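Residue numbers (my numbering): 5 to 113.
Set out below in structure tokens:
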């Protein structure tokens, strides 16, 4: 089961967070700080799966953006790893179209 979903830049700033279990705001800040440090400190040769406290972190890097998913121990890591990639592909497809449409509207006026 997914516990949380984070999108973070290389500077460690959270750009998007979604929690699927209640976590107090003060604890979210601490959790995000620790999770981000854990992921950013790893090299590209290291595995993208991290055992962290009572759950697992699965992350992928896309340019300057890290996507981190926290899951329970029963979750399939490779399925979540591929889910992240599919999510990024959908965002890329959707926002590419939006940018092209915005450009066309700007050039016509």
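Every residue, glycine too, gets a C-beta built ideally from N, C-alpha and C. What you are looking at is a predicted structure, and each value in this text was computed from that prediction instead of being measured.
Query: Chain-order list of residues whose beta-carbon lies under 7 Å from that of residue 16 (same chain, five-residue window excluded); Result: 40, 44
Query: Residue from 29, 77, 71 whose Cα sits closest to the Cα of residue 87; Result: 71
Query: Residue closest to residue 11, alpha-carbon to alpha-carbon, out of 28, 49, 66; Result: 66
Query: Cβ neighbours of residue 52 in the same chain (closer than 7 Å, five flanking residues each side left out); Result: 62, 63, 64, 85
Query: Residues near residue 48 in its chain [Cβ-Cβ closer than 8 Å; skip 5 each side]; Result: 65
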